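Presented below is the structure to which this report refers.
2 protein chains.
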Amino acid sequence: MRNIKIVVQYDGTRYSGWQSQEHDENTIQGKLTAVLSRLLGEKIELAGSGRTDAGVHALGQVANFKTRSQMPCGELLEKLNHYLPEDIGVISAEEVDGRFHSRLNAVRKTYSYHIWNSPVHNVFDRRYTWAIDQPLDVPAMRRAAAELTGIHDYKAFSSIKRGKKSTVRTIEAIEIEQTGADITLSFTGNGFLYHMVRILTGTLVEVGLHRKTPEDMAMILESLDREQAGVMAPGQGLFLVRVEY
Amino acid sequence: MRNIKIVVQYDGTRYSGWQSQEHDENTIQGKLTAVLSRLLGEKIELAGSGRTDAGVHALGQVANFKTRSQMPCGELLEKLNHYLPEDIGVISAEEVDGRFHSRLNAVRKTYSYHIWNSPVHNVFDRRYTWAIDQPLDVPAMRRAAAELTGIHDYKAFSSIKRGKKSTVRTIEAIEIEQTGADITLSFTGNGFLYHMVRILTGTLVEVGLHRKTPEDMAMILESLDREQAGVMAPGQGLFLVRVEY
Numbered sequence: 001m002r003n004i005k006i007v008v009q010y011d012g013t014r015y016s017g018w019q020s021q022e023h024d025e026n027t028i029q030g031k032l033t034a035v036l037s038r039l040l041g042e043k044i045e046l047a048g049s050g051r052t053d054a055g056v057h058a059l060g061q062v063a064n065f066k067t068r069s070q071m072p073c074g075e076l077l078e079k080l081n082h083y084l085p086e087d088i089g090v091i092s093a094e095e096v097d098g099r100f101h102s103r104l105n106a107v108r109k110t111y112s113y114h115i116w117n118s119p120v121h122n123v124f125d126r127r128y129t130w131a132i133d134q135p136l137d138v139p140a141m142r143r144a145a146a147e148l149t150g151i152h153d154y155k156a157f158s159s160i161k162r163g164k165k166s167t168v169r170t171i172e173a174i175e176i177e178q179t180g181a182d183i184t185l186s187f188t189g190n191g192f193l194y195h196m197v198r199i200l201t202g203t204l205v206e207v208g209l210h211r212k213t214p215e216d217m218a219m220i221l222e223s224l225d226r227e228q229a230g231v232m233a234p235g236q237g238l239f240l241v242r243v244e245y
Numbered sequence: 001m002r003n004i005k006i007v008v009q010y011d012g013t014r015y016s017g018w019q020s021q022e023h024d025e026n027t028i029q030g031k032l033t034a035v036l037s038r039l040l041g042e043k044i045e046l047a048g049s050g051r052t053d054a055g056v057h058a059l060g061q062v063a064n065f066k067t068r069s070q071m072p073c074g075e076l077l078e079k080l081n082h083y084l085p086e087d088i089g090v091i092s093a094e095e096v097d098g099r100f101h102s103r104l105n106a107v108r109k110t111y112s113y114h115i116w117n118s119p120v121h122n123v124f125d126r127r128y129t130w131a132i133d134q135p136l137d138v139p140a141m142r143r144a145a146a147e148l149t150g151i152h153d154y155k156a157f158s159s160i161k162r163g164k165k166s167t168v169r170t171i172e173a174i175e176i177e178q179t180g181a182d183i184t185l186s187f188t189g190n191g192f193l194y195h196m197v198r199i200l201t202g203t204l205v206e207v208g209l210h211r212k213t214p215e216d217m218a219m220i221l222e223s224l225d226r227e228q229a230g231v232m233a234p235g236q237g238l239f240l241v242r243v244e245y
């Protein structure tokens, strides 16, 4: 069996996410699996590096699958893009070692979150940003972001209800860049809990609006209590940028 | 009466153009006029710098209107953006001399046309590009573009059927930039005929596909015959970038 790794871009607007919890067929994974199975003439099981929520986008989601087909990767890439809907694109396909697994072997992930901070609509990127009218205090957001990096138990910043799995993660960096009305937050870490990037973003926005202070962050982390953190930012501003192995 | 100049951005995807020929209400001008009339409490007549076709976008369309209202321009700008749909944004509003007219006083216009030249979908800009799979010969397109600049009768490059008005125009520059799969054509001139930028673009694409040669351009101009020029590029790749006075 060959093991094929693909890198996928998608506009998540129309989808219920990468993979649904409730056997909803309207998923990115579902569309890819259907096209792959048809092209290769066998039932394909596609493993992604992780789920993305409904409405969340990807510039570089990674997935892999095993196949008996001998179709060259270049031909597969071309055919995939031909049959996939126009809001899903496969940017590379390559044969990898049989032991490679897109989720289990991932060592680092980068997400970006895009805020449009202006009362004037962002006409062309409105589907890919969170529009916030009131001016955000970006220096305060950067001080809070520094408090949130490192090795921490991020349970307060996740929607995980209970469970035995560890909620400790390492965030290497949270960078916040401002160019005019565009404010982009970049999160790099070894893994992220369910809803974690969106709750971190919502909390940082509350700091930017002076509803919370950078000094509150340590207390929120220690509380392990979702109620202490801020709102969850909408999915449409979030992009999975890359997965490293 | 005050004379107010506004600069407008829009995503033309959902609209029948800036102004429809057939009393179609689904136009950018129609939306703006309705919101302005409601905000200012009087019937507003809005003059645009020129029409844009169905599906065509604008980064800097210019329009003006007369009003008796004393509402400050800053307040008007804020309220306009609040009530307009999210695919229309007003980026500036200022009081100008009573003699200013957005169409009659325009001296230069710039349009850009965006081509995505790759078999892999442009997932995020698909609504704003013309996707062409086969590789385009950009140097040949540049040689043809040079033949098309200057002072010419552009009748062959327009959908004007007949009429007494001059079809002579000056194109100062047609620049073609390529960055990976993105090919952007920029047209600057003193005015453009109906469908002219789209037919110029379609003709240049035929040169890029080696269906026409740069040397054909002089013959097409001289023919004054629409049948000699190339296809009309789809509206969705076209942007009105700026209007100068």
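Respectively, the protein sequence lines represent chains A and B. Each residue of the first sequence is one higher than the one before, counting from 1 in UniProt numbering. Each residue of the second sequence is one higher than the one before, counting from 1 in UniProt numbering. Glycine is no exception: its CB is placed at the ideal position from the N, C-alpha and C atoms. This structure is a prediction, so every number in the text was calculated from the model and none was measured.
List the whole-angstrom C-beta distance separating residue i from residue j, where the pair is believed to meet the contact cut-off of C-beta under 8 Å.
i, j, result
"ARG242 (chain B)", "GLY60 (chain B)", "4 Å"
"GLY150 (chain A)", "ILE176 (chain A)", "No, GLY150 (chain A) and ILE176 (chain A) are not in contact; Cβ-Cβ is about 16 Å, not under 8 Å."
"GLY41 (chain B)", "VAL138 (chain B)", "Not confirmed; about 53 Å, so no contact."
"GLY230 (chain A)", "ILE199 (chain A)", "7 Å"
"ILE153 (chain A)", "LEU224 (chain A)", "Going by the sequence as given, residue 153 (chain A) is Asp instead of Ile. About 6 Å; that satisfies the 8 Å criterion."
"PHE65 (chain A)", "ILE44 (chain A)", "5 Å"
"ALA93 (chain B)", "LEU76 (chain B)", "5 Å"
"ARG103 (chain A)", "GLY48 (chain A)", "7 Å"
"GLY189 (chain A)", "TYR113 (chain A)", "So it is not a contact: roughly 13 Å between Cβ atoms."
"GLU124 (chain A)", "TYR128 (chain B)", "The identity of residue 124 (chain A) in the sequence shown is Phe, whereas the question assumes Glu. Sure, about 7 Å apart at Cβ, within 8 Å."
Roughly how many angstroms lie between the CA atoms of residue i and residue j, to the nearest whole one?
i, j, result
"ALA140 (chain A)", "PRO214 (chain A)", "7 Å"
"LEU204 (chain A)", "GLY191 (chain B)", "48 Å"
"GLY30 (chain B)", "SER16 (chain B)", "10 Å"
"VAL7 (chain B)", "GLU244 (chain B)", "11 Å"
"ALA146 (chain A)", "ILE4 (chain A)", "38 Å"
"ASP53 (chain A)", "TRP18 (chain A)", "7 Å"
"LEU148 (chain B)", "THR67 (chain B)", "42 Å"
"MET217 (chain A)", "LEU185 (chain A)", "17 Å"
"PRO72 (chain B)", "THR110 (chain B)", "30 Å"
"ALA106 (chain B)", "ALA144 (chain B)", "27 Å"
"THR167 (chain A)", "TYR194 (chain A)", "10 Å"
"THR201 (chain A)", "ARG169 (chain A)", "16 Å"
"PHE100 (chain A)", "SER159 (chain B)", "57 Å"
"ARG211 (chain B)", "MET1 (chain A)", "45 Å"
"LEU136 (chain A)", "PHE187 (chain A)", "19 Å"
"GLN178 (chain A)", "GLU25 (chain A)", "38 Å"
"GLN70 (chain B)", "ASP87 (chain A)", "46 Å"
"ILE183 (chain A)", "ASN81 (chain B)", "20 Å"
"MET196 (chain B)", "ARG108 (chain A)", "50 Å"
"MET219 (chain B)", "LYS161 (chain B)", "20 Å"
"GLU222 (chain A)", "VAL35 (chain B)", "50 Å"
"PRO85 (chain B)", "ARG14 (chain B)", "11 Å"
"ALA206 (chain A)", "ALA173 (chain A)", "For clarity, residue 206 (chain A) is Glu in the given sequence; the question names Ala instead. Those two C-alpha atoms are separated by around 19 Å."
"LYS165 (chain B)", "ILE132 (chain B)", "35 Å"
"LEU32 (chain B)", "LEU32 (chain A)", "42 Å"
"ARG226 (chain B)", "GLY163 (chain B)", "14 Å"
"ALA233 (chain B)", "ARG142 (chain B)", "17 Å"
"ASP97 (chain B)", "GLY74 (chain B)", "18 Å"
"LEU39 (chain B)", "LEU46 (chain A)", "54 Å"
Using beta-carbon positions only, say whether residue i and residue j come within less than 7 Å of one another.
i, j, result
"GLU78 (chain A)", "PRO119 (chain B)", "yes"
"TRP116 (chain A)", "ASN122 (chain A)", "yes"
"SER20 (chain B)", "THR27 (chain B)", "yes"
"VAL12 (chain B)", "GLY50 (chain B)", "Checking the sequence, you will find Gly at residue 12 (chain B) rather than Val. In this structure, GLY50 (chain B) does not lie closer than 7 Å to GLY12 (chain B) by Cβ."
"ALA181 (chain A)", "GLN228 (chain A)", "no"
"GLN9 (chain A)", "ALA58 (chain A)", "yes"
Heavy atom of the ligand ADP less than 6 Å from the Cβ of residue i, yes or no?
i, result
"ASP153 (chain A)", "What this structure holds is no ligand at all, so the ligand ADP is not there to describe."
In the region 82 to 146 of chain B, which residue ranges form an unbroken beta strand (DSSP E) of at least 3 residues, counting only runs that do not cross its ends? 88 to 96 and 108 to 116
If we require 4 or more residues per run, which alpha helix (DSSP H) segments fall completely within the region 41 to 89 of chain A? 73 to 83
4-residue-minimum alpha helix (DSSP H) runs that sit fully inside the UniProt domain "Pseudouridine synthase I TruA alpha/beta" (144 to 245) of chain B, ordered along the chain: 196 to 208 and 216 to 223
Against chain B, which members of the region 50 to 83 of chain A pass a CB distance test of less than 7 Å? GLU78 and ASN81
Under 9 Å, CB to CB, which of the residues in the region 168 to 189 of chain A have a partner in chain B? none
Residues, ordered as in the chain, of the region 147 to 164 of chain A that lie near chain B by beta-carbon distance below 7 Å: none
What are the residues in the region 97 to 110 of chain B lying within 7 Å of chain A by C-beta distance? none
Closer than 8 Å between beta carbons: that is the criterion. Which residues of the region 113 to 127 of chain B meet it against chain A? PRO119, VAL120, HIS121, ASN122, VAL123, PHE124 and ARG126
Members of the region 5 to 35 of chain A that neighbour chain B once the beta carbon cut-off is set at 7 Å: GLN9, TYR10 and ASP11
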